[in-house]
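A.B. asks: To convert, take the position in the sequence shown, counting from 1, and add 191; that gives our numbering.
Quick one: the structure is below, and I'll ask about it shortly.
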Amino acid sequence: MSDHLHFLESPRRDPEPMSIPVRVRNWNEIYGQYEAEGAADQSARCINCGNPYCEWECPVHNFIPDWLRLIKQGRLFEAAELSHQTNSLPEVCGRICPQDRLCEGACTLNDGLGAVTIGSIEKYITDEAVRQGWRPDMSRVVATDKRVAVIGAGPAGLGAADILVRNGVEAHVFDRYTRIGGLLTYGIPPFKLDKQVVETRREIMEGMGVQFHLGVEIGRDKTLPELLDEYDAVFTGMGTYRYVRGNLPGEDLEGVIESLPFLIGNVNRVLKEPASQFPYRDLRGKRVVVLGGGDTAMDCVRTSIRQGAHSVTCAYRRDEENMPGSRREVKNAREEGVEFLFNRQPVEILGEESAEGVRVVRTELGEPDDRGRRRPVPVPGSEEVLPADAVIIAFGFQPNPPSWLVEAGVETHDGCRLKVGGGSGRAEFQTSHPRIFAGGDMVRGSDLVVTAVFEGREAAKSLLKSLGIETVSAARAA
Ligand code: FAD
Ligand code: SF4
Numbered sequence: 192m193s194d195h196l197h198f199l200e201s202p203r204r205d206p207e208p209m210s211i212p213v214r215v216r217n218w219n220e221i222y223g224q225y226e227a228e229g230a231a232d233q234s235a236r237c238i239n240c241g242n243p244y245c246e247w248e249c250p251v252h253n254f255i256p257d258w259l260r261l262i263k264q265g266r267l268f269e270a271a272e273l274s275h276q277t278n279s280l281p282e283v284c285g286r287i288c289p290q291d292r293l294c295e296g297a298c299t300l301n302d303g304l305g306a307v308t309i310g311s312i313e314k315y316i317t318d319e320a321v322r323q324g325w326r327p328d329m330s331r332v333v334a335t336d337k338r339v340a341v342i343g344a345g346p347a348g349l350g351a352a353d354i355l356v357r358n359g360v361e362a363h364v365f366d367r368y369t370r371i372g373g374l375l376t377y378g379i380p381p382f383k384l385d386k387q388v389v390e391t392r393r394e395i396m397e398g399m400g401v402q403f404h405l406g407v408e409i410g411r412d413k414t415l416p417e418l419l420d421e422y423d424a425v426f427t428g429m430g431t432y433r434y435v436r437g438n439l440p441g442e443d444l445e446g447v448i449e450s451l452p453f454l455i456g457n458v459n460r461v462l463k464e465p466a467s468q469f470p471y472r473d474l475r476g477k478r479v480v481v482l483g484g485g486d487t488a489m490d491c492v493r494t495s496i497r498q499g500a501h502s503v504t505c506a507y508r509r510d511e512e513n514m515p516g517s518r519r520e521v522k523n524a525r526e527e528g529v530e531f532l533f534n535r536q537p538v539e540i541l542g543e544e545s546a547e548g549v550r551v552v553r554t555e556l557g558e559p560d561d562r563g564r565r566r567p568v569p570v571p572g573s574e575e576v577l578p579a580d581a582v583i584i585a586f587g588f589q590p591n592p593p594s595w596l597v598e599a600g601v602e603t604h605d606g607c608r609l610k611v612g613g614g615s616g617r618a619e620f621q622t623s624h625p626r627i628f629a630g631g632d633m634v635r636g637s638d639l640v641v642t643a644v645f646e647g648r649e650a651a652k653s654l655l656k657s658l659g660i661e662t663v664s665a666a667r668a669a
């Protein structure tokens, strides 16, 4: 059979997941890893269709068919080098991108034949190359005399720092936490992303010359004017952390929990970190109701299951088709024992002193809102009560830029997202302060790791241009 028809004899095969009874009793990542042979076999399924929609749907525009070909040919280190030309965190994106909506959703074989396992192969490339000793090739970097401060060691800040050091600029990354990663470390649970993966990335970036200053909060331990004095420019990627309330009666009752503090308290306990401002909330034996339908809600339901909750129910106001969370995570949650109630809108949290239940009303989908999503419309007389000892609110987050950034002249959209680029002679990702650039969730609002990486990288290129530095462009494989 011709090489191009390999996909017919070799079906899509994902790395083996851990069995369900085992995975719900520990915090480890649930998916295994390919062997070299398996990775080559799955890479060979790519038909090199000539019009790689996968690359266009991938927010960082990875050279996907090129690194699949290199893996098919056993050229692991070249694949790793190539994959790092376009993505600063390929092993992270390979694990937690919603591939079904991005690269794999656009794969030509996704039409009933099984998309190429792009995410798992991307993860394999970096994990295995690093394990065998590969490190990014920095031999052609020419040092400049420029220094840039990066605020925030999340995906956006790391993407920016990667581009800066690859172009000979000193990158100093400041973060208020003692570990890098932002939400990768203090948010996303370890069964989706092992924290050692982020630690390994730190070692790689330090080896490339990135200098981390951790446990330093800008605005408290060091000021923005100090950074502007000491550095040629500043990139800011501080994320989005303002909790969105439901404004439901009963939301202040004991037993009503905010999602992110719950997840961080749990991660700290798994990492055996000292007690912090985020205490551990123990849901063992409790009836848990999670309100929301995004990735954060999925992480809360699956964390509650692993803590030993008596039952876990997720109530979401639209239908399954319109859920913002990744399909893969919904499937995993369902397999692990989570009950989903779609088309249910919370009306009130019931209880005397602590939560005892949630009153919800059924909904039907009405006309689209201004973002094109159909509005949930309550059905009169359809109310019911879901019994609960703990209610987790996972309605998302809004950017909350600190006052010192606004005082420095950085403009925002109504006090939330930072304004960047677009008209008034501003460069891409440049804020209204000419020496401050920004990207990631604080510019886009809550989104994805891969879009934050993309914005950090693009903002750094724009910043370099403002300093008169020509950037090295990514090149495909020979
Ligand atoms: P962040 O990751 O929030 O990083 C910002 C950093 O800035 C933090 O480290 C913070 O400590 C630091 N900082 C803030 N203020 C200061 C200051 N004053 N001084 C110093 N440091 C400061 N995306 C996916 O693609 N897949 C998923 O499965 C997924 N799951 C998610 C699950 C949860 C629970 C959440 C909350 C988000 C999830 N996301 C997921 C979204 C993704 O994590 C974010 O879009 C991404 O992390 C945004 O990157 P960022 O760099 O903009 O911000
Ligand atoms: Fe797919 Fe995300 Fe990797 Fe792009 S970065 S190829 S969207 S998994």
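Glycine included, C-beta positions come from ideal geometry on N, C-alpha and C.
1) Quick check for students: name the residue ranges of the beta strand (DSSP E) that lie wholly in the region 525-588, counting only runs of 3 or more.
2) Please state if the CB of G516 and the CB of L451 are separated by a distance shorter than 8 angstroms.
3) DSSP beta-bridge partners for K413?
4) Locate the alpha helix (DSSP H) running through C245, then write down its first and last residues.
5) Whole alpha helix (DSSP H) runs in the region 584-653 with 4 or more residues, listed along the chain?
6) Quick one: is the Cβ of E671 within less than 7 angstroms of any heavy atom of the ligand SF4?
7) Pick out whichever of V215, M399, P327 has its Cα sitting closest to the Cα of G499.
8) Are there any heavy atoms of the ligand FAD lying less than 7 angstroms away from the beta-carbon of C288, as far as the coordinates show?
9) Could you tell me if L639 is buried or exposed, where buried requires 16 or more neighbouring beta carbons within 10 angstroms of its beta carbon?
10) Consult DSSP for T277 and reduce its assignment to one of helix, strand or coil.
11) Take Y434 and list the residues in its own chain whose beta-carbon comes closer than 6 angstroms to its own, dropping the five residues that flank it on each side.
12) Which residue's Cα is closest to the Cα of T277: I660, K656, S653, V641?
13) Considering only residues of the region 414-442, which uninterrupted alpha helix (DSSP H) runs meet the minimum length of 4 residues and lie entirely inside it, listed in chain order?
14) Given a threshold of 16 other Cβ atoms within 10 Å of its Cβ, counted over all protein chains shown, does H604 qualify as buried or as exposed?
15) Determine whether the beta carbon atoms of E649 and A347 lie at a separation below 8 angstroms.
16) Which same chain residues, not among the five before or five after V538, have their C-beta less than 6 angstroms away from its C-beta?
17) With three or more beta-carbon pairs closer than 8 angstroms as the criterion, would you say the region 233-248 touches the region 323-332?
18) Buried or exposed, going by whether 16 or more other CB atoms sit within 10 Å of the CB of E543?
19) So for Y222, helix, strand or coil by DSSP?
20) What number of angstroms, rounded off, separates the C-alpha of R472 from the C-alpha of I354?
21) Please report the straight-line C-alpha distance between S594 and I312, rounded to a whole angstrom.
22) Threshold first: 3 residues or longer. Then list the beta strand (DSSP E) segments lying entirely within the region 470-526, N to C.
23) Quick one: what's got a C-beta closer than 6 angstroms to E526's C-beta in the same chain, skipping five residues either side?
24) Rounded to the nearest angstrom, what separates E514 and L419 at their Cα positions?
25) Could you confirm whether any beta carbon from chain D is found closer than 8 angstroms to the beta carbon of P208?
26) What I want to know is whether the C-beta of T369 ends up closer than 7 angstroms to one or more non-hydrogen atoms of the ligand FAD.
27) Quick one: is D412 buried, meaning 16 or more other Cβ sit within 10 Å of its Cβ, or exposed?
28) Examine the ligand SAH and report whether any of its heavy atoms sits within less than 7 angstroms of the Cβ of L349.
29) Alpha carbon to alpha carbon, how far is V389 from E417?
30) Within a Cβ cutoff of 7 angstroms, which residues of the same chain sit near L374, ignoring the five residues on either side of it in sequence?
31) Got a sec, what are the start and stop residues for the beta strand (DSSP E) R338 sits in?
32) For the region 475-494 and the region 582-599, state whether three or more C-beta atom pairs, one from each stretch, are separated by less than 8 angstroms.
33) Here's a check: name, in chain order, each residue in its chain whose Cβ is nearer than 8 angstroms to the Cβ of Q233, leaving out the five neighbours to either side.
34) Give a yes or no on whether the C-beta atoms belonging to R626 and A424 are separated by under 8 angstroms.
35) Give the DSSP-derived three-state secondary structure of V401 in the structure shown.
36) Alpha carbon to alpha carbon, how far is E269 from F254?
C.D. replies: Taking the structure as given:
1) 530-532, 535-541, 548-559, 565-578, 581-584
2) The answer is no: Cβ separation not under 8 angstroms.
3) I409
4) Its alpha helix (DSSP H) spans residues 244-248.
5) 594-598, 632-635
6) Outside the shown range of the chain, which is 192 to 669, sits residue 671, and nothing can be said about it.
7) V215
8) Yes, since a heavy atom of the ligand FAD falls inside the 7 angstroms radius drawn around the Cβ of C288.
9) buried
10) helix
11) Result list for Y434: E449, in chain order.
12) V641
13) 415-421
14) exposed
15) No, they are not a contact pair.
16) R550, V552
17) no
18) exposed
19) strand
20) 39 angstroms
21) 43 angstroms
22) 478-482, 502-506
23) Hits under 6 angstroms: I211.
24) One detail in the question is off: residue 514 reads as Met in this sequence, not Glu. So the alpha carbons of these two residues sit roughly 42 angstroms apart.
25) In the structure shown, chain D cannot be found, because there is only a single protein chain.
26) no
27) exposed
28) Absence of the ligand SAH is noted for the structure shown, with the ligand FAD and the ligand SF4 being the only ligands found.
29) 29 angstroms
30) G345, G430
31) 338-342
32) yes
33) Cβ neighbours of Q233 beyond the five flanking positions: S201, R203, R204, Y225, V307, T308, S311, I312.
34) yes
35) coil
36) Here the C-alpha atom of E269 lies approximately 12 angstroms from the C-alpha atom of F254.
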